[in-house]
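> Note that this note's numbering numbers the sequence shown so that position 49 is 54, with each residue one more than the last.
Glycine is no exception: its CB is placed at the ideal position from the N, C-alpha and C atoms.
What follows is a single structure, and I will ask about it in a moment.
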Amino acid sequence: TNLGSVMAAIALDIPSLGVGVALGVLVGMVLYALLLAAPLKPQLVNHTYEKSVDKVVHKCPIPDIEEMATKSGKPLVAFCRCWKSGNMPYCDGSHAKHNKETGDNCGPLLVELKKSS
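Pasting the structure below:
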């Protein structure tokens, strides 16, 4: 066998090969533009809690915090900042699972009551 007969058997079509390469490059450029170069849409933090309101806001008057601290026997009241708590607006420790799954480091806002002397 000689090289000529092998090439003939393969039937290499240079123009078709060029069109295929050009289409591959074009598809690659479009995918890059759509998937990698486009800015990512900011992700939601709150996926489930009070979604019917424009902005979730809580007020917790100082006497309520004092009462909660007295009932718990601890001088701290923990407020959720990860949006995973089942006891919003209070922390239930759900951030620990979130942090483990995502590598995040969020934790609660701790309000500490100091007894006046």
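From the DSSP output, read off the bridge partner residues of Val61.
Answer by DSSP bridge pairing: none, since Val61 is not bridged.
> Cα separation between His52 and Tyr37?
Spanning the two alpha carbons is a distance of roughly 29 Å.
> Span of the alpha helix (DSSP H) holding Ala38?
Neither: Ala38 is in no alpha helix (DSSP H) and is coded neither H nor E.
> Enumerate in chain order the residues of its own chain whose CB-to-CB distance from Pro94 is below 8 Å, with the five nearest sequence positions on each side excluded.
Excluding sequence neighbours, Pro94 sits near His63, Cys65, Phe84, Cys85.
> In terms of DSSP beta bridges, what is Leu118 paired with?
Paired residues: none, contrary to the question.
> I need the straight-line Cα distance from Lys79 to Leu49, nearest angstrom please.
One C-alpha to the other measures close to 33 Å.
> Answer with buried or exposed for Thr30, where buried requires no fewer than 16 other C-beta atoms within 10 angstroms of its C-beta.
Here residue 30 turns out to be Val, not Thr, going by the sequence shown. Label assigned to Val30: exposed.
> Mind reading off the beta-carbon distance from Asp97 to His103? Whole number of angstroms is fine, and I expect it under 8 Å.
With a Cβ gap of about 12 Å, Asp97 and His103 do not count as contacting.
> Classify Leu31 as helix, strand or coil using the three-state DSSP reduction.
Looking at Leu31 - three-state DSSP - the assignment turns out to be helix.
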